[in-house]
Amino acid sequence: MSVQSIIETLNKLISIHRQLLDLSIQKTEIVKEGQIEKLQSVLVKERKLVQQLEKEETVRHEEVKNWFAQQGLSNDEATMTNLLNHIENEIEKIELEEHAVQLTDLIVKLKQQEQLNLALIHQSMQFVQLSIDLLSPSLKNLNYGDKQQPTVNRSLFDSKA
C-alpha cells in the first residue's frame, strides 16, 4: 500500500466534500426562497453523495491501516496524524499534509454551512408555528378573567307553553 493511493483517496474525499458544500449553499438559498420541491431534490443528491463519502472514507481508513501493517506498525495508531509522522519521503509527506489540511478546511466550512441551514430551517418552523397560532386563536385567549362565567342553557323553544 503506497502513500500515493491514500493521496488519491483523499482527492476523492475532497471532491465529494466540495460537492456537498455546493449543495449546502444551494440549500441555504432554497430555504430562504421557501422552495420545498427544489429542497427535496437537493436532499436526494446529498444523500447519494453522503453514501459515496462513507464508502471512500472506509477505503481511506483501510488504506491507512494497510500502510501501517506493511510498515510493521500497530493498527491502533493508524491515524492520519501518525501516518504523517511516520512517512520518510518528504515530497509525499508534504503532499499528504496539504491534502489533509484541505480536507479538514472543507469539513469545517461544510459544518458551518449546515449549522446555518439548521438555524434557517428552525427559524422558518418558528415562523410557520407563529402564523398558525395567529390564525387559530385558542379558547384560553377569549376569556379575560380566570373565573369562568356560569353559562345559562337557553332553549330555542319555550317549553312552558
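For the sequence shown, the numbering used here begins at 1084 and goes up steadily by one.
All residues carry an ideal CB built from backbone N, CA and C; glycine is no exception.
Decide if residue i is buried, meaning its Cβ has at least 16 other Cβ atoms within 10 Å, or exposed.
| i | result |
| --- | --- |
| R1130 | exposed |
| S1107 | buried |
| I1215 | exposed |
| H1264 | Because residue 1264 is not part of the residues shown, which for the chain are 1084 to 1244, the question remains open. |
So residue i packs on residue j, CB below 8 Å; how close in whole Å?
| i | j | result |
| --- | --- | --- |
| L1193 | L1136 | Actually they do not touch by this definition, with Cβ atoms about 10 Å apart. |
| V1125 | I1204 | That pair is no contact at about 13 Å. |
| T1092 | V1142 | 5 Å |
| L1132 | I1097 | Contact doesn't hold; Cβ gap of about 13 Å is too wide. |
Given a cut-off of 8 Å, decide if residue j and residue i are closer than it, judged by their beta-carbon atoms.
| i | j | result |
| --- | --- | --- |
| W1150 | I1190 | no |
| V1184 | L1166 | no |
| K1095 | E1145 | no |
| Q1209 | T1111 | no |
| E1180 | V1086 | no |
Shorter than 8 Å from the beta carbon of residue i to some beta carbon of chain D?
| i | result |
| --- | --- |
| S1088 | Given the protein chain composition of this structure (a single chain), no chain D is represented. |
Can you list the alpha helix (DSSP H) stretches of 4 or more residues lying completely in the segment 1130-1193, in chain order? DSSP runs (the alpha helix (DSSP H)) wholly in the segment 1130-1193: 1163-1169.
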